[in-house]
Structures are given as C-alpha cells and as structure tokens.
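First comes the structure, then the notes that go with it.
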Amino acid sequence: MLALCDLHRLPYQADPNHYFERIHREPGAVLLDSGRPVAERGRFDILSAWPLEAFAPQAGERGNAFFARLRRRLATLGAAGFEAGIELPFAGGLLGYLAYDFGRRLEADAHAPGAVDDLQLPDARLGIYDWSLTSDHLARTSYLVFHPACPPERRQRLIALFESPPDSFPQPAPTPVFTLTGEFQPTISRNTYRQAIERIHAYIQAGDCYQVNYTQRFQAGYRGHPWAAYQTLRQACATPFAGYLNLGGDNAILSLSPERFIRLREGRIEARPIKGTRPRSADPAQDRMLAEELCASLKDRAENLMIVDLLRNDIGRSSRIGSVHVPELFSLESYPNVHHLVSSVAAELAPGLDAFDLLAGSFPGGSITGAPKIRAMQIIDELEPHQRSLYCGSLLYIDTRGNMDSSITIRSMLARNGRISCWAGGGIVTDSDWADEYQESLDKVDVLLKALQAR
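Reminder that position 186 of the sequence shown reads as 191 in the numbering used here, one-by-one numbering, no gaps.
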C-alpha cells in the first residue's frame, strides 16, 4: 500500500509571498509560483527550503549518470501519495533547476567549442525535500505537505513557523533594498546581432537547419537582495510558470516564465511550446490588431509548427507508440507585455520509463533551440559569445510518485556575484528580418528591465 503524506491546513493565501517571505533566505529556499492572483492560468504554488540533500553534476559526469543518482535518491526517500479526493502536485521529492548547458551532458554532439562560461553557474542543482507548502488556487486551500519520512519535530517547527503571525516570531535582518548600480547593457552590439542573423540565414540556405533560436544577454550591477527584485518583477509581469530559487548569499534565480516545458502526470505527457510574439499596446484597438496579426502570420505559424514537429519527435522517444498527438495548435496567450502563439503536444509515457527518461530525450526544449535540434545547438554555440547558463534551462519538480512539471526559463534573470543577467531571443527562419528580430527580443524583456531600472 502506498504511504500517505500528512497534511496540515493553513489559512489560504492567494499570494505566495505571504508564506515564502518567512523562508526566502534559508538554504535551498525555492518557490514555484503560479503568478496568482494576477496570472489566471496557473493553479498551484509550491514552496520549500532546507533540503535533506542537494545534488549538482560532477566534473565530466554525463547527464544520464546524474539522472541515475537522482533516481536512486528519490527511491530512497520512498513513494508517497494522498488520500482519495486530495489533488496536490508534489508529494515530496526533487525541486531545482537544469541550466541550458546541462544539455551538453545529454547530447555531446550538440555543442561546438566557442561560447564562454563566464557566469560559472553549475549545470544543475536539485534538492531532495521531505516537505512543501502548497496552495491550490482552484480549491482555495493552503497545506503543509509532509512526506512520511519527515520527522515529527521537523513538522512541528514548520507548523509553528507558518501558523505564527509574521510579527510574532524572531525576525531576520531586514532584506536590503535591491538597486541597480547602472542600466542594463547588452553584451553584443546591434552590428554583431545583425551579422549573427546573416550567418544563420547562410546556414539555412546551405541546408544545415530550418530555424535557430538566437539570444542576446543584458547585464547590470546590483546591490541588495534579489528577493526584493523578484517581488518588483512579479508585480510588473506575473506569469504562470514563475519561480525563485535561493542560491546562497545574495545570489538567486528569478524567473518570470510564461512557458511550460513538459508536465508528466500519472503517465500523461504535455508540452506547451511558445513560438510567435507581438508586443502589447495600451490602446485596445491597436492591441487587438497586434493579436490578430500574430494569429494570422504565416511566418509565425510556420515557426511554431517546426517546433511542434521537433517536440513530437523528442517526446516520442519516451512515449507509447501511436500516442503522440497535438490537441492545440496556434492558440493565443496574452501577458502584460506580449502576445504569444502557443501550441500543445501530448502523449502517454511508454511502459518502463520515467520522468528522467523523458527529460533525457527532450532537454533542452525545442522551442529555444531550433530545428534540426542538434545542428541548431551547434550553431548557437558558434554564434552566441557566452554560454546561456540559466537561460532556456528549466525550473522543475519530480515527486516521489513520478510526476513532474517544468518550465522553460525564458524571461528569467540570474543574480550572481553582484551582476544580474537577463536574456532575450527568438527563432530565426529564412524570411526573418534582423531588425525586427532585434526589436522583438527587446519587447520580450522590456517590462522586466524597466521595472528594475525604475527602482
């Protein structure tokens, strides 16, 4: 019989900051944030801290070997579930990130020498957690979730922490106000961007590829703690696959991603790639026109379809034969700063496989590489001067039941060693205009950069 998690009900909070504020500086503090109450598509917030153990890849360790270590540790924690009628996403397990460059450990041929690893972020870091605080915004409930392995004294400390009024327990030192020490600056020039797009067009004409996702990076210095920055960004642009991960000291991952990578639930797989973007307008008529233009754009539809086909192939590696299908194609999703064209790919997990197999066959996401995937990744390494690090990786959980959900870390920032980095890019195809693509990359992150520069 499957062991059951214990639940302790807390007052429901629509905003996860109410609870996460109490632990955001603790070791391994992580928040998977649905963007509520502003964003409407997300359902659950998951937060935790103090992992039992943390994992990062060792030097030279292949991706599948790292996944095997995680799989063994997850099995050691032990499978657990919930009583009938309780629908919660995380029953204890792994929480953390995979950087884009973890893909080098999965696809050795997918990378070419060239890009510099100047940010020095580990390729992955995941912790094993025996508790979480989960808010269900559909049921309007907030629960402390305790895996059966969580000791009684640990449970009591957590209950006391989250039940106490914020002003009734010892307060840590105030979080320093976050300020930039200068404006965000791109790490490549417009001319370098143009030359890269011309080079991609040459590769397309030569038959090397159909599409390449090209990215530029913006950086600024900062003082203070990035949690304050995350709160500002969340107010400016709440999204359903956001997240915050404390990396220790004044270092953190701040993600305002609108994109799901892959969800696995009870053997059912879903991916929701984004490809196709238009800026929002404050004028309602102009805004509708931009949305309609995106939906009707043959170029954007073609880009989206290329990535749908790529994901069908990637997911198909781990799926029951004949189960891969496309339930949604070219849907419009609108966010505070942009309209997006979104599709979905679904399948059933093949017998004998698990979430790690699914990740090994699909990571990094096709929507942020291009097609064919391996050649596109080689071109990215050749043309982008720096490794992507966090950008276009994933925030994710894998729980003890084998369920998983993951984002693609676009619209995301890395605060590390006094520098904060943000990235933006887009899919380049044969009829892409470099100036339009350059402007689109600015549109995607404009609201985030301005929000921090206005502090």
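From the three backbone atoms N, C-alpha and C, an ideal C-beta is built for every residue, glycine too.
TODO: Please name the residue or residues paired with W428 in a DSSP beta bridge.
DONE: Answer is R222, bridged to W428.
- [ ] Measure the Cβ-Cβ separation of H152 and C10 and say whether it is below 8 Å.
- [x] Against a cut-off of 8 Å, the Cβ pair of C10 and H152 comes out as a contact.
Task: Close beta carbons around F87, own chain, < 7 Å, minus the five adjacent residues each side - done: Hits under 7 Å: L9, C10, L93, A96.
Open item on the list: Rounding to the nearest angstrom, what Cα-Cα distance links G272 and Y198 in this structure?
Closed with: The alpha-carbon separation between G272 and Y198 amounts to approximately 42 Å.
TODO: Note down, in chain order, each residue of its chain lying with its Cβ closer than 7 Å to the Cβ of L163, except the 5 sequence neighbours on either side.
DONE: Here the set comprises W136, L149.
TODO: Any chance you could list the beta strand (DSSP E) runs of at least 3 consecutive residues sitting entirely within the stretch 191 to 235, in chain order?
DONE: Within the stretch 191 to 235, the complete beta strand (DSSP E) runs of at least 3 residues fall at 216 to 228.
Task: Of the residues F72, I403, D292, G187, the one placed nearest S4, counting alpha carbons only - done: Any property of residue 4 remains undetermined from this structure, which presents the chain solely from 6 to 460.
Open item on the list: Quick check: what's the CA-CA separation for E308 versus R322?
Closed with: Here the C-alpha atom of E308 lies approximately 22 Å from the C-alpha atom of R322.
Task: Nearest-angstrom beta carbon gap, A351 and H330 [assumed within contact, 8 Å] - done: In this structure, H330 and A351 form a Cβ contact; the two beta carbons are roughly 6 Å apart against a cut-off of 8 Å.
Task: Endpoints, beta strand (DSSP E) assigned at G101 - done: Start and end: 98 to 103.
Open item on the list: On the criterion of 16 or more Cβ atoms from any shown chain inside 10 Å, does Q161 qualify as buried, or is it exposed?
Closed with: Flag for Q161 reads exposed.
TODO: Measure the alpha-carbon distance for R285 versus V343 and round it to whole angstroms.
DONE: Their backbone Cα atoms lie some 5 Å apart in a straight line.
Open item on the list: Whole angstroms are fine: how far does the CA of L364 sit from the CA of L358?
Closed with: Cα-Cα distance, rounded: 11 Å.
Task: Cβ neighbour criterion (16 or more within 10 Å) applied to P56 - done: P56 is classed as buried because its beta carbon has at least 16 other beta carbons within 10 Å across all chains shown.
TODO: Taking 8 Å as the cut-off, decide whether the C-beta atoms of D106 and S394 are in contact.
DONE: For D106 and S394, yes; Cβs fall inside 8 Å.
TODO: Kindly indicate which three-state DSSP category D314 falls into: helix, strand or coil?
DONE: D314 falls in the helix class under three-state DSSP.
Task: 8 Å contact criterion, which L269 and L238 should meet: CB distance rounded - done: Going by Cβ atoms, the distance from L269 to L238 rounds to 28 Å, so no, they are not a contact pair.
Task: Alpha-carbon to alpha-carbon, P157 and M311 - done: Each residue's Cα considered, the two are about 51 Å apart.
TODO: Give a yes or no on whether the C-beta atoms belonging to R222 and S437 are separated by under 8 Å.
DONE: Cβ distance not < 8 Å, so R222 and S437 don't count as in contact.
TODO: Name, in chain order, the residues that DSSP records as bridge partners for G136.
DONE: Checking the displayed sequence, the identity of residue 136 turns out to be Trp instead of Gly. DSSP output for W136 lists F151 as bridge partner(s).
Task: CB-CB length for G248 against D404, believed under 8 Å - done: Going by Cβ atoms, the distance from G248 to D404 rounds to 16 Å, so no, they are not a contact pair.
Open item on the list: To the nearest angstrom, how far is the alpha carbon of I385 from that of N218?
Closed with: Cα-Cα distance, rounded: 7 Å.
Open item on the list: By the three-class DSSP mapping on this structure, what secondary structure does H345 have?
Closed with: H345 falls in the strand class under three-state DSSP.
- [ ] Could you check the C-alpha separation between R130 and V35 for me, to the nearest Å?
- [x] Approximately 12 Å between the Cα atoms of the pair.
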